[in-house]
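*Asks:* Handing you this structure, nothing more for now.
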Amino acid sequence: MPDDALLSLQLDHVKELQTRYESALADHGFDSLLIASGAAPYRYGDDQAWHFQGYGPFLHWTGLTGREHCWLWIRAGQKPVLWLYQPVDFWHANRPLPEEPWQTFIEVRRSQSPEAPLLNDPARLAVIGDPALLGAAVGERNPDGLLRTLDETRVRKTAYEIDCLAHANTLALAGHGAARDAFVAGESEFGISLAYQRATGQREADAPYHSIIGLNDHAGTLHYQYYDTQPPGHSRSLLIDAGVRFRGYCSDVTRTTAGPGESHFAAVIHGLERLQLRLCDMVAPGVDYIDIHRKAHQGIAALLSATGLVTGLEDQDIVERGITRAFFPHGIGHFLGVQVHDVAGKPTPAPEDAPFLRLTRTLEPGMVVTIEPGLYFIPSLLEPVLAGESERYLNRELLNLLRGCGGIRIEDNVVVTETGGRNLTRTP
Ligand code: GLY
Ligand code: MN
Ligand code: MN
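Using numbering that gives the first Met the number 0, the letters of the sequence shown map in sequence onto residues 0 to 427.
Below, the structure written as structure tokens:
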């Protein structure tokens, strides 16, 4: 049961969204907006559907995940109306809706039909959601300009959203602790996944994304997607990237652990963690997020030197020769919210030296970002370096020793405050 303070903040949150949406609608010449929660599509040629989570704007308003065929109507100067799909159905259950204060601001009606509601006075109406599910709904469908403005309403989180994201982090940390214990106890990737689910009270399908759980060389595949049911003969490393949803809001946390006797790997983890904490400390209003990404490359260059993986080069040369990109190929992070890679991060494209960066904005109070540097031993990225003219600066012996540990990623979730940053993953 959420506490009264959180429920009261949620009421403020929906009131704030009403203001933001009224202004967005006016800017684009609409009087009202119908939002479709969506539904899970069926797998091609099958009678089984994918697991459903929900459409971003619907979650932004309600936090209600897993609610198919619901509709939310927003109008200037009037109470929003939520049609909750609750059919008589002996195949599936209707999850009850707990009574909460936000329902004093949003009128809830029950509906037996998955179709869009018939509106009395739709006036200049927009309707947004998965185009395959909008059916006979009237109104202009998914207008581009309006969608972009609505994405922008999600960039600066309200106090309610930040509390939810903080709680999603607390839950994830319990899962990460259990995962680490399972690794130390010699569990398989599958066993570690079970430990994570048990500790977080969340089934895999309800997580913000599939948990990435890699032992040994599997840790070197950025989004490793399988779970071995048997542990390897010798567990040298664990990388787990796993989050939790709380009232629709996601955490996105990664931890890497060295197995017993892996002192070289443990030293690289330690160095990367110190760098990661320094990068988290950079989060503040007015900071260009791309600068944090570039600082990560400089820090990784210094770490490659300090650990002896690269010798005989200045840090800047290690970056300029593209060596750090072979070890750290992804971006430093992204926005976080009701979607793990939250919207509106890239009004301008990623720069050439950071093609996979998902966030290119200057930080503002209320933004929530991830900070997730990595250092991996990925054969397909290291081989071209080893075959090129930078080869002589790389310590092959140490690389060969560490290759079997796969790689490291350390990821926290940080809020931009008025004066700096607040790390939700490190503060209880
Ligand atoms: N879990 C995916 C990511 O870190 O972006
Ligand atoms: Mn992650
Ligand atoms: Mn992430």
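Where a beta carbon is used, it is the ideal one built from N, C-alpha and C, also for glycine.
Using 10 angstroms around the beta-carbon of Glu313, count the other beta-carbons present and answer buried if the total reaches 16, otherwise exposed.
*Replies:* Glu313 is exposed by the Cβ-count criterion.
*Asks:* Under DSSP, the alpha helix (DSSP H) around Arg197 begins and ends at which residues?
*Replies:* Taken as a continuous stretch (DSSP letters only), the alpha helix (DSSP H) holding Arg197 covers 188-199.
*Asks:* Which ranges does the alpha helix (DSSP H) cover as unbroken runs of at least 4 residues, wholly within the region 205-280, from first to last along the chain?
*Replies:* 262-280, all fully within the region 205-280.
*Asks:* Which residue or residues does DSSP assign as beta-bridge partners of Ile34?
*Replies:* Ile34 pairs with Leu71, Ile127.
*Asks:* Report the rounded CA-to-CA distance for Trp60 versus Asn93, giving the unit in angstroms.
*Replies:* Cα to Cα, Trp60 sits roughly 20 Å from Asn93.
*Asks:* Over what stretch of residues does the beta strand (DSSP E) that includes Ser379 continue unbroken?
*Replies:* It is not in any beta strand (DSSP E) - Ser379 instead sits in the alpha helix (DSSP H) that spans 378-385.
*Asks:* To the nearest angstrom, how far is it from the Cα of Ala272 to the Cα of Arg123?
*Replies:* Correcting the residue identity first, residue 272 is Glu in this sequence and not Ala. Distance between the alpha carbons of Glu272 and Arg123 is about 53 Å.
*Asks:* For Phe104, which of helix, strand or coil comes out of DSSP?
*Replies:* Coil at Phe104, not helix or strand.
*Asks:* Do you know offhand how far Val286's Cα is from Thr361's?
*Replies:* Their Cα atoms are separated by approximately 5 Å.
*Asks:* Indicate, with yes or no, if ligand 3 has a heavy atom lying under 7 Å from the CB of Asp341.
*Replies:* No; taking the cut-off as 7 Å, the Cβ of Asp341 has no heavy atom of ligand 3 nearer than that.
*Asks:* Looking at His333 and ligand 3, is the gap between the Cβ and the nearest heavy atom below 7 Å?
*Replies:* Yes, the beta carbon of His333 sits closer than 7 Å to at least one heavy atom of ligand 3.
*Asks:* Ala300 and Gly419: beta carbons closer than 8 Å?
*Replies:* For Ala300 and Gly419, no; Cβs fall outside 8 Å.
*Asks:* Which one of His91, Pro56, Asp30 has the shortest CA to CA distance from Gln77?
*Replies:* Checked all of His91, Pro56, Asp30; the closest Cα to Gln77 is Asp30.
*Asks:* So Ile331 is in the beta strand (DSSP E); what residue range does that whole segment cover?
*Replies:* Premise fails: Ile331 is in no beta strand (DSSP E) and is neither H nor E.
*Asks:* Express the C-alpha separation of Val80 and Leu33 in angstroms, rounding to a whole number.
*Replies:* Roughly 9 Å between the two C-alpha positions.
*Asks:* Just tell me which of Lys345, Asp352, Pro346, Gly336 has its CA closest to the CA of Ala325.
*Replies:* Looking at the Cα atoms, Asp352 is the closest of the given residues.
*Asks:* In whole angstroms, give me the CA-to-CA distance for Pro428 and Pro348.
*Replies:* Here the chain comprises residues numbered 0 to 427, so residue 428 is not present and cannot be evaluated.
*Asks:* Could you have a look at Arg391 and say whether DSSP puts it in helix, strand or coil?
*Replies:* Reduced to three states, the DSSP call for Arg391 is helix.
*Asks:* Would the C-beta of Asp411 count as close to ligand 2, meaning under 7 Å from any of its heavy atoms?
*Replies:* No, Cβ of Asp411 sits at least 7 Å from all heavy atoms of ligand 2.
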